[in-house]
Each structure stands twice: as structure tokens, then as C-alpha cells.
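Peer 1: One structure, as C-alpha cells, below. Some questions next.
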Amino acid sequence: MDIALYHAVGSLTLVSSPPTYVPTDKTPTSTLGLSESNPLPLLTPIKLLTGTRLWISSHGRILELFPTAPLLPVFRNGWNKLPTELKVRVLACNLTMSAPVSAPVSTPIGMTPSGNMCTALLHHLRATPEMARLGKEVFYKTNTFKLQPSCSTLYPIINPQYQPTPLGTRYLAYPNRTVQGLIRRIEFEFVLGDPAEWRHLVRFARGNYGFRALRYVTVVGEWGRSFLPALRSVQGCVDVMAGQMHGCARFSCDGEVVFRARVSDIFRVTLGAEIEVNERLEGLVKGKILFKQASGRRD
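Okay, so the sequence shown: first residue is 229 according to the numbering used here, each after it adds one.
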């Protein structure tokens with residue numbers, strides 16, 4: 229249960245998810261919301277008028293907090309009085325996403341919204357010049373962006389933020405170079421055993437696609453099926469995988485390598501050496517993807 233104090237500068241509407249139970253507090257309703265020890269349970273949407281100070285408890289996560297009245301000069305004057313550091317923290321609440329930001333994918337039937345491009349950024353870019361500048365910096369500096377080679381390309385006119393780069397039979401869509409200097413974190417997902425996708429990763433690590441300000445990269449490996457015929461022996465698995473990964477991907481920033489699943493779980497290895505095949509293949513991959521520091525805190 230979350231308890232918070234809300235002070236409405238403009239009219240606000242608060243909405244929470246359905247409660248798991250109905251409180252049985254016998255306290256007179258006239259005193260609800262006046263103190264942290266006696267908050268008003270948020271069970272249905274409520275509207276707070278300007279100037280209202282109210283303690284609220286929600287038995288589910290508050291889903292929406294939005295103004296229901298026009299933002300008058302009082303908001304502008306209050307915003308202008310805030311220090312830049314506090315403005316950045318406020319914008320981060322709107323523009324920092326919990327999941328990596330990825331590009332939509334084009335398919336024969338149109339665009340598939342596989343990404344979660346933050347449309348809220350566009351609203352901030354249309355606001356004041358200062359809010360547009362700070363919003364852009366916050367969005368690109370605080371979010372993790374997902375890159376993943378694909379057989380499909382993008383329609384640039386629909387999605388100008390990402391530009392495709394072909395390599396072999398794979399395209400890699402990534403944010404425009406004009407904003408790459410702001411991006412700090414990348415999640416790069418590729419199929420292990422696919423030579424074209426491996427080459428994309430190597431080129432990305434070299435800096436061929438830009439991203440000179442990276443601080444942390446998470447490489448996510450998904451086991452492909454190109455070496456499936458070699459599963460008759462552990463060494464056969466290792467030899468086939470090594471043949472698909474020429475050279476090394478050397479990053480100048482910190483990072484880590486993670487796997488979607490264990491090899492033995494994906495292919496139901498019946499070699500009688502499941503632990504060995506997992507350790508040797510994962511060790512092979514990690515030995516070819518090098519970072520400035522193999523583990524560390526993401527700034």
C-alpha cells in the first residue's frame with residue numbers, strides 16, 4: 229500500500245487499480261486525508277481542486293495522475309522558479325521508461341509496434357525551448373535503447389528516429405546519429421550462431437555505428453539453431469559456434485553478457501554432458517565479447 233501527500237496546483241484526477249480489499253477503518257470520514265496516519269483510501273477516481281492538500285493511500289498502483297484543467301500562468305511561474313536539477317528529476321518521471329526503448333519492426337502487413345517509443349517526448353518537444361532541450365537530454369541519457377538485427381527494414385518516413393543499416397541479410401535499426409552523443413546505455417540482442425548478426429555486434433563494438441558516449445552495454449545472446457546438427461558431441465557444438473564467430477567484439481565501456489536460456493534447455497541436449505556443453509559454449513561466447521570492465525554499476 230502506497231501513502232503519499234498530494235498538493236494540487238491545478239485540478240488533478242487520481243486513478244488507482246482496483247483494491248484487493250475494502251478497508252474497515254471506523255475513523256470519521258471528516259478527518260480522512262488530513263494526516264499521514266489517517267490517509268484517504270483511493271478506491272475510485274477522485275478530483276482534487278486547486279489548493280487541496282490530501283494524504284491518500286492506494287491499495288494498487290496509481291495508474292494516472294494528470295491535470296484536468298488548463299495549465300495557467302501559475303504553473304509556468306512555478307516551473308521557472310525550479311532549479312535545473314529539480315526540473316531534470318521531474319522530467320525523468322515522465323520520460324524514463326522501465327523497459328528498453330526499441331524500434332518498431334516493418335512486416336508484410338505493416339508496422340509492428342514491438343517497441344515502446346515514448347510518445348511523451350513529443351509533447352515535451354512542443355513545449356518551451358527549455359523544456360524541449362531538457363526533455364531531449366533526459367530521454368536519451370536516462371533510457372536504455374535496444375538494438376537488434378532484423379530481416380526487415382524500417383520505413384524512415386514513419387520512424388525517423390531510427391535509421392537502418394544493412395549487413396548481409398540483416399538490418400540494424402538504431403537511433404539517429406544526431407542524438408547518439410546523448411545515449412549512455414544500450415541493450416544489444418542477437419542470435420548466437422548467425423554470422424551476419426555477429427558481424428553487426430563486432431562493428432557496433434568498434435564504434436562503426438557511432439555511440440561514442442556509451443557507459444554500459446548489455447549483450448543478450450539467444451541460441452540459434454545453426455549448430456543443431458553438431459549436438460552429437462560437446463566438441464562439435466563448440467567447433468560450429470566458434471566457426472560462426474570470427475574475431476572479437478571489444479567494447480571501450482563497461483558491460484555484461486547474458487543469455488536468454490541455457491543451451492541444454494533450448495535443444496534438450498542428450499549428450500549426457502549438459503553442464504559441460506553449457507559451460508563451454510557460454511565460456512566461448514564470453515571470451516569473444518570483451519568490455520572495459522566485465523561487471524559494474526550502470527551510470
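Glycine residues also receive a C-beta, built at the ideal position from the N, C-alpha and C atoms. Every value quoted in this text rests on a predicted model; they were computed, and no experiment measured them.
How far does the beta strand (DSSP E) with residue 449 in it reach, from first residue to last?
Peer 2: 444-451
Peer 1: Using a Cβ distance threshold of 8 Å, determine whether the segment 409-416 contacts the segment 368-376, with at least three qualifying pairs required.
Peer 2: yes
Peer 1: What distance in whole Å lies between the Cβ atoms of residue 513 and residue 485, which are believed to be in contact at a cut-off of 8 Å?
Peer 2: 6 Å
Peer 1: DSSP on residue 510, reduced to helix/strand/coil?
Peer 2: helix
Peer 1: Taking residue 327 as the reference, which of 311, 367, 302 has the closest Cα?
Peer 2: 367
Peer 1: Tell me the residue span of the alpha helix (DSSP H) that contains residue 541.
Peer 2: For the chain, the structure presents residues 229 to 527; residue 541 sits outside this window and is missing.
Peer 1: Among the candidates 399, 315, 403, whose CA atom is the shortest distance from the CA of residue 363?
Peer 2: 315
Peer 1: Quick check: the segment 470-484 against the segment 417-428, are at least 3 beta-carbon pairs closer than 8 Å?
Peer 2: yes
Peer 1: What did DSSP end up calling residue 284 once you bin it into helix, strand or coil?
Peer 2: strand
Peer 1: Go ahead and label residue 216 buried or exposed: buried means 16 or more other beta carbons lie within 10 angstroms of its beta carbon, across all protein chains shown.
Peer 2: In the structure as shown, the chain begins at 229 and stops at 527. Residue 216 is therefore absent and cannot be evaluated.
Peer 1: Cα-Cα, which of 427, 419, 304 is closest to residue 449?
Peer 2: Ranking 427, 419, 304 by Cα distance to residue 449 puts 419 first.
Peer 1: Would a check of beta-carbon distances place residue 314 closer than 7 Å to chain C?
Peer 2: Protein chain content of the structure displayed is limited to a single chain, and chain C is not contained in it.
Peer 1: I'd like to confirm something about residue 466: is its beta-carbon nearer than 6 Å to some heavy atom of the ligand COA, or not?
Peer 2: In the structure shown, the ligand COA is absent, as is every other ligand, since no ligand is present at all.
Peer 1: Please state the DSSP three-state secondary structure of residue 515.
Peer 2: In the three-state reduction of the DSSP assignment, residue 515 falls in the helix class, which pools H, G and I.
Peer 1: Does DSSP put residue 314 in a helix, in a strand, or in coil?
Peer 2: helix
Peer 1: If distances are taken between C-alpha atoms only, which option among 377, 324, 307 comes closest to residue 358?
Peer 2: 307
Peer 1: Just reading off the beta strand (DSSP E) that residue 417 is part of, what are its end residues?
Peer 2: Its beta strand (DSSP E) spans residues 413-420.
Peer 1: In three-state terms, what does DSSP make of residue 410?
Peer 2: coil
Peer 1: Can you check DSSP and say which residues form a bridge with residue 484?
Peer 2: 446
Peer 1: How long is the line joining the alpha carbons of residue 515 and residue 355, rounded to whole angstroms?
Peer 2: 48 Å
Peer 1: Using a Cβ-Cβ cutoff of less than 6 Å, which residues in the same chain neighbour residue 488 once the five nearest sequence positions on both sides are dropped?
Peer 2: 450
Peer 1: Please list the terminal residues of the continuous alpha helix (DSSP H) segment that includes residue 403.
Peer 2: Residue 403 -> not in any alpha helix (DSSP H); beta strand (DSSP E) instead, spanning 398-403.
Peer 1: So for residue 520, helix, strand or coil by DSSP?
Peer 2: coil
Peer 1: Classify residue 267 as helix, strand or coil using the three-state DSSP reduction.
Peer 2: Three-state result, residue 267: coil.
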